[in-house]
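Undergrad: Okay, handing you the structure first.
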Amino acid sequence: MHQYLFFIGDFPIRSYGLVLSMSIILATGVAYFLAKQDGRWHNHIIDMGIYCGLGGILGARLWDVFFFDWGYYQHHLNELFYVWQGGMAIQGGVVLGSIVGILYTRYYKIDTWALADIIAPAIILGQALGRIANLLNGDAFGHPTGSSFGIIYPTTTLAYQTYGNQPLWPAEIWEGQIDIVIFALLLIFRSIRHAKGQVFILYTMLYSLARFFLEYLRGDYNNLILGLKSAQWTSLIVFCIGFCLFIWCGIREKRAKEKNS
């Protein structure tokens with residue numbers, strides 16, 4: 268893995284920033300393809316990709332700072348936006364990115380749930396690519412495996428500074444692979460009969476389920492609340508709300524059809 272691809276003078280071109288940018292661009296491209304295939308709103312996708320991408324980056328950073336690392340950043344406010352040091356929480360990115368998307372669809376009078384269903388696979392694909400950025404940067408790492416199995420990170424990474432040359436669980440790699448599986452499952456689900464909103468809700472549920480269990484392998488933070496990490500509590504809450512909404516969307520669709528029949 269290489270944190271730095273090359274330098275322009277003293278300015279480093281980091282693999283983290285490059286791959287993160289590519290993940291947003293490619294996710295936007297896939298969303299455009301899916302929307303054009305559907306025949307609705309594809310002309311809005313590029314703009315939404317820019318706005319939601321920027322919102323997602325800001326949300327991911329602020330979520331990490333205030334929920335995971337506030338103990339450090341409250342004494343180092345000048346480093347608040349040093350994203351190249353690591354510290355981007357995808358849950359915060361999804362939350363603020365979704366809020367920006369909702370505001371955009373409301374402004375242009377677009378059916379929010381319908382568009383969310385269309386682009387949901389693209390979102391999780393972007394997350395999968397984003398985990399490659401984490402691997403190259405040496406953040407979002409696992410805790411020591413206690414055996415010879417695992418990843419040993421370069422000395423310049425936060426992972427090495429935290430655990431030295433101990434082999435660590437490949438948490439970010441496995442999460443990226445699981446995200447690809449979720450991407451495929453969403454494509455399959457959206458091709459069968461479903462109620463409006465259920466594709467996006469299924470995305471939130473599947474990712475939350477995967478993230479909940481993967482947190483047991485993560486070693487980049489260990490602050491616990493009633494025995495669970497903050498990301499696990501977020502995942503648990505999102506999954507429960509998503510499950511209720513998934514059922515509600517199905518019931519609403521059924522009642523609407525009965526009413527019109």
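In this note's numbering, the protein residues as written are 268 to 528. The beta carbon of each residue, even a glycine, is placed where N, CA and C say it ideally should be.
1. So which of 331, 272, 326 has the shortest CA-CA distance to residue 366?
2. May I have the straight-line CA-CA distance separating residue 485 from residue 525, to the nearest angstrom?
3. Quick check on this structure: which residue in 412, 445, 379 has the alpha carbon closest to the alpha carbon of residue 396?
4. From the DSSP output, read off the bridge partner residues of residue 409.
5. In the DSSP assignment, the beta strand (DSSP E) including residue 271 goes from what residue to what residue?
6. For residue 481 versus residue 442, is the C-beta spacing smaller than 7 Å?
7. What three-state label does DSSP hand residue 382 in the structure shown?
8. Who are the near neighbours of residue 391 in its chain, counting only those whose CB is closer than 7 Å to its CB and skipping five residues on each side?
9. Please confirm if the stretch 291-303 is in contact with the stretch 271-283, defined as three or more CB-CB distances below 8 Å between the two stretches.
10. Ignore the nearest five residues each way along the sequence and tell me which others in residue 415's own chain have a CB closer than 8 Å to its CB.
11. I'd like to confirm the pairing. Which residues does DSSP put opposite residue 278 in its beta bridges?
12. Can you tell me whether DSSP reads residue 419 as helix, strand or coil?
13. Buried or exposed, going by whether 16 or more other CB atoms sit within 10 Å of the CB of residue 368?
14. Return the CA-CA distance between residue 388 and residue 363, expressed in angstroms with no decimal places.
15. Is DSSP giving residue 476 helix, strand or coil here?
16. Below 8 Å on the Cβ atoms is my contact criterion, and I expect residue 409 with residue 438 to pass it. Report the Cβ-Cβ distance as a whole number of Å.
17. Can you list, in chain order, the residues of its chain whose CB lies under 8 Å from that of residue 398, leaving out five sequence neighbours each side?
18. Could you check whether the stretch 419-427 touches the stretch 492-512, counting it as contact only if at least three pairs of C-beta atoms, one from each stretch, sit closer than 8 Å?
19. For residue 496, write down the residues that DSSP places opposite it in a beta bridge.
20. Would you tell me roughly how many angstroms separate the C-alpha atoms of residue 271 and residue 376, rounded to the nearest one?
21. Please name the residue in 311, 290, 386, 371 whose C-alpha comes closest to that of residue 357.
22. Could you give the distance in angstroms between the alpha-carbon of residue 372 and the alpha-carbon of residue 381?
23. Where residue 344 and residue 332 are concerned, what is the direct C-alpha to C-alpha distance, given to the nearest angstrom?
24. Residue 413 to residue 419, Cα distance in whole Å?
25. Looking at C-alpha atoms only, which residue of 411, 503, 274, 360 is the closest neighbour of residue 319?
26. So what does residue 435 bridge to, in DSSP terms?
TA: According to the structure data:
1. As a position in the sequence shown, residue 366 is number 99, starting the count at 1. When each option's Cα is compared against that of residue 366, the closest is 326.
2. Translated into positions along the sequence shown, residue 485 becomes position 218. Translated into positions along the sequence shown, residue 525 becomes position 258. One C-alpha to the other measures close to 48 Å.
3. The residue labelled residue 396 in the question sits at position 129 within the sequence shown. Per the Cα distances, 445.
4. Start at 1 with the first residue of the sequence shown, and residue 409 comes out as number 142. DSSP, once it has assigned bridges, lists 485 as partnering residue 409.
5. Position 4 of the sequence shown, counted from the first residue, corresponds to residue 271. If you look at residue 271, you'll find it in the beta strand (DSSP E) that goes 271-275.
6. Position 214 of the sequence shown, counted from the start, is the residue given in the question as residue 481. Position 175 of the sequence shown, counted from the start, is the residue given in the question as residue 442. Contact: yes.
7. Within the sequence shown, numbered from 1, the residue matching residue 382 stands at position 115. Note: residue 382 maps to helix in three-state DSSP.
8. In the sequence shown, the residue the question calls residue 391 occupies position 124. For residue 391, same chain residues with a beta-carbon under 7 Å away, outside a window of 5 residues either side, are 446, 449, 450, 453, 470, 474 in chain order.
9. In short, these stretches do not touch, since the Cβ pair count stays below three.
10. Position 148 of the sequence shown, counted from the first residue, corresponds to residue 415. Closer than 8 Å at the Cβ level, and outside the excluded window around residue 415, lie 434.
11. The count along the sequence shown starts at 1 and reaches residue 278 at position 11. Listed as beta-bridge partners of residue 278 by DSSP are 275.
12. Taking the sequence shown and counting its residues from 1, one reaches residue 419 at position 152. Note: residue 419 maps to coil in three-state DSSP.
13. On the sequence shown, position 101 is the one that residue 368 refers to. By the 10 Å Cβ count, residue 368 comes out buried.
14. By one-based count along the sequence shown, residue 388 stands at place 121. By one-based count along the sequence shown, residue 363 stands at place 96. Each residue's Cα considered, the two are about 18 Å apart.
15. What you label residue 476 is simply residue 209 of the sequence shown in a count that begins at 1. For residue 476, the three-state secondary structure derived from DSSP is helix.
16. Counting from one through the sequence shown, the residue named residue 409 turns up at place 142. Counting from one through the sequence shown, the residue named residue 438 turns up at place 171. Indeed they touch by this definition, with Cβ atoms about 4 Å apart.
17. Translated into positions along the sequence shown, residue 398 becomes position 131. For residue 398, same chain residues with a beta-carbon under 8 Å away, outside a window of 5 residues either side, are 407, 439, 440, 442, 443, 446 in chain order.
18. No, because fewer than three Cβ pairs between the stretch 419-427 and the stretch 492-512 fall closer than 8 Å, the two stretches do not touch.
19. For the purposes of this step, residue 496 is identified with residue 229 of the sequence shown, where counting begins at 1. Bridge partners of residue 496: 491.
20. Translated into the one-based positions of the sequence shown, residue 271 becomes position 4. Translated into the one-based positions of the sequence shown, residue 376 becomes position 109. Using only the alpha carbons, I get a separation of about 43 Å.
21. Counted from its first residue, the sequence shown places residue 357 at position 90. The option with the nearest alpha carbon to residue 357 is 290.
22. The sequence position of residue 372 within the sequence shown is 105, counting from 1. The sequence position of residue 381 within the sequence shown is 114, counting from 1. In this structure, the alpha-carbon of residue 372 lies about 10 Å from that of residue 381.
23. The residue given as residue 344 occupies position 77 in the sequence shown. The residue given as residue 332 occupies position 65 in the sequence shown. The straight-line gap from Cα to Cα measures roughly 10 Å.
24. Translated into the one-based positions of the sequence shown, residue 413 becomes position 146. Translated into the one-based positions of the sequence shown, residue 419 becomes position 152. Each residue's alpha carbon lies about 12 Å from the other.
25. In the sequence shown, counting from the first residue as 1, residue 319 sits at position 52. The residue with the shortest Cα to Cα distance from residue 319 is 360.
26. Taking the sequence shown and counting its residues from 1, one reaches residue 435 at position 168. DSSP, once it has assigned bridges, lists 411, 418 as partnering residue 435.
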